[in-house]
Amino acid sequence: MTWKNRYSTSLLCLCLAGAQLCGCSKSEPEEAHGTLALADGGVACSLTEHVVSRSVSVADFTVGIVDAAGQTVRSFTWSERPASLELAADNYRFVAASPGEEPAVAWDAPYYYGEKSFEILPLQQTELGTVTCTLHGVKVTVSYSSELLALVSGAYRTTVTLGDASAVFADGDGRAAYLRADASSLKVRFEGTVEGEPLVTERSWSDAAGGDWWQINFGLVPSTAASAGRAGVEAKAEIKVRDYEN
Numbered sequence: 053m054t055w056k057n058r059y060s061t062s063l064l065c066l067c068l069a070g071a072q073l074c075g076c077s078k079s080e081p082e083e084a085h086g087t088l089a090l091a092d093g094g095v096a097c098s099l100t101e102h103v104v105s106r107s108v109s110v111a112d113f114t115v116g117i118v119d120a121a122g123q124t125v126r127s128f129t130w131s132e133r134p135a136s137l138e139l140a141a142d143n144y145r146f147v148a149a150s151p152g153e154e155p156a157v158a159w160d161a162p163y164y165y166g167e168k169s170f171e172i173l174p175l176q177q178t179e180l181g182t183v184t185c186t187l188h189g190v191k192v193t194v195s196y197s198s199e200l201l202a203l204v205s206g207a208y209r210t211t212v213t214l215g216d217a218s219a220v221f222a223d224g225d226g227r228a229a230y231l232r233a234d235a236s237s238l239k240v241r242f243e244g245t246v247e248g249e250p251l252v253t254e255r256s257w258s259d260a261a262g263g264d265w266w267q268i269n270f271g272l273v274p275s276t277a278a279s280a281g282r283a284g285v286e287a288k289a290e291i292k293v294r295d296y297e298n
C-alpha cells in the first residue's frame, strides 16, 4: 500500500469518527413519541368520593409528570400548564398536590393530593381527563361536653399526636388540625382541672389514615373514684372518611 492509499484510508477513518462526534449517531425516532392533551382535562378537589368542592382553588397546585422509572420529567403549576406535552412512549403518572411540601401539622389548611396513571403511545394523543385530589393527611377536631366544661376550672388542653407530629388544642380551640399521615397510631391527652383537682386522661387508636376526619369529644363517664365524689372523663372518637367540609 502506497503512502497515498494509507493517507486516504486514515482520512476516511477520521471523517467517520468526526461524523459520530458531530451528532450523526442514531437518535430516538420521532415516531417513538406521543402527546398528552391537557387543555380539556382538569384537577378537582373532592370532599367525598364523588362530590367536588367548590371552595378549593387548584390554580397554584403543583403538577409533576413522573415516568415509569420514578423520575419527574416535567413539572409546572396547574395555572401555567401547556395545552399539550410531547412525551416519549412510556407509562406515566400525573401527580397534582397543594403548593409546597406537606407540613407535619397545619391549622385550618388542608393539603390535597391526587394522581392518575396514563400511557403515551407512539404518534397518538392521550386525553388525561380529570384528576381528583383528596385530603392527604388526617383532619382532627376536638370538642367537650357541656357537662364536663361545667366542672373544668382554669386552663385546659388536649394534645393530639400522630407519629412524630403533635397538635395542641388549648382552652376549647375549635380549629381543625391537619396532621401528615406518617403513622396510623393516633393518641389524645387531656390535661386540666376538674372539680378542683388536676386530671390527665389519655386514649389511643391504631387505625388512623389519610383522608380521615377524627372528631374527638371528651365527656363525663362513671369513675372508679365515684365513691370519692369525683367524675371521670373519657375521650370518644367519631371517624368520618372523606365526608367533611374543609
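Counting in this note's numbering, the sequence shown tops out at residue 298, every number present. No residue lacks a Cβ here, since even glycine has one placed at the ideal position from N, Cα and C.
Ordered along the chain, which non-local residues of its own chain (more than five positions away) have a Cβ less than 6 Å from that of residue i?
i, result
"Ala120", "Asp142, Asn143"
"Gly271", "Ser197, Leu200"
"Ser195", "Asn269"
"Thr245", "Ser205, Gly206"
"Gln177", "Thr87, Ala89"
"Val110", "Val95, Trp130"
"Ala219", "Val157, Val212, Ala229"
"Ala91", "Ala135"
"Asp160", "Arg227, Ala228"
"Arg241", "Thr211, Glu254"
"Asp112", "Thr129, Pro151"
"Phe221", "Val194, Thr210"
"Lys288", "Asn269"
"Ala167", "Note on identity: in this sequence residue 167 is Glu, with Ala being the wrong assignment. Closer than 6 Å at the Cβ level, and outside the excluded window around Glu167, lie Arg145, Val147."
"Ser127", "Gly116"
"Arg133", "Leu90"
Less than 8 Å between C-beta atoms, sequence neighbours within five positions excluded: which residues of the same chain meet that for residue i?
i, result
"Ala84", "Ala140, Ala141, Pro174"
"Trp217", "Just to set this straight, residue 217 is Ala in the shown sequence, not Trp. Once the five neighbours on either side are set aside, the close Cβ partners of Ala217 are Ala156, Val157, Leu231, Arg232, Asp234."
"Asp223", "Ala207, Tyr208, Arg209"
Just verifying my parser: in three-state terms, what is the DSSP assignment at residue i?
i, result
"Phe270", "strand"
"Glu179", "strand"
"Glu153", "coil"
"Ala89", "strand"
"Ser195", "strand"
"Ile148", "One detail in the question is off: residue 148 reads as Ala in this sequence, not Ile. Looking at Ala148 - three-state DSSP - the assignment turns out to be strand."
"Ser109", "coil"
"Ala207", "strand"
"Ala287", "strand"
"Ser77", "Since pLDDT at Ser77 reaches only 43, below the 50 mark, its modelled position is unreliable, and the value read off the structure follows with that caveat. In the structure shown, Ser77 sits in coil (DSSP, three-state: anything other than H, G, I, E or B)."
"Ala300", "For the chain, the structure presents residues 53 to 298; residue 300 sits outside this window and is missing."
"Ser279", "Confidence is the limiting factor: at Ser279 the pLDDT is only 42, short of 50, which leaves the residue's position unreliable, though a coordinate-based value still follows. Correct three-state label for Ser279: helix."
"Ala84", "helix"
"Asp234", "coil"
"Val95", "strand"
"Asp225", "coil"
"Glu101", "Note that Glu101 scores 35 on pLDDT, short of 50, meaning its location in the model is unreliable; the coordinates nonetheless yield the value given after this. The answer is coil: DSSP assigns Glu101 none of H, G, I, E or B."
"Leu66", "Its pLDDT being 33, under 50, Leu66 is placed unreliably by the model, and the measurement read from it follows with that caveat. Correct three-state label for Leu66: helix."
Over what stretch of residues does the alpha helix (DSSP H) that includes residue i continue unbroken?
i, result
"Leu201", "198 to 201"
Which residues in the same chain as residue i place their Cβ atom closer than 7 Å to its Cβ, once the five residues preceding and following it in sequence are excluded?
i, result
"Glu243", "Tyr208, Arg209, Val252"
"Ser256", "Ser237, Leu238, Lys239"
"Asp259", "Ser236"
Determine the extent of the beta strand (DSSP E) in which residue i is found, giving its start and end residues.
i, result
"Tyr230", "229 to 231"
"Tyr164", "164 to 172"
"Leu244", "It is worth fixing the name first, because residue 244 is Gly in this sequence and not Leu. Its beta strand (DSSP E) spans residues 238 to 246."
"Ser218", "217 to 222"
"Trp257", "249 to 257"
"Ala140", "136 to 140"
"Arg133", "Element bounds for Arg133: n/a, residue is neither H nor E."
"Gly116", "114 to 119"
My assumption, with CB atoms under 8 Å, is that residue i sits in contact with residue j. Please give the rounded CB distance.
i, j, result
"Ala233", "Val190", "5 Å"
"Gln267", "Thr193", "5 Å"
"Ala151", "Thr114", "A small fix is needed here, since residue 151 is Pro in this sequence, not Ala. About 6 Å separates the two Cβ atoms, so the contact holds."
"Val118", "Val147", "6 Å"
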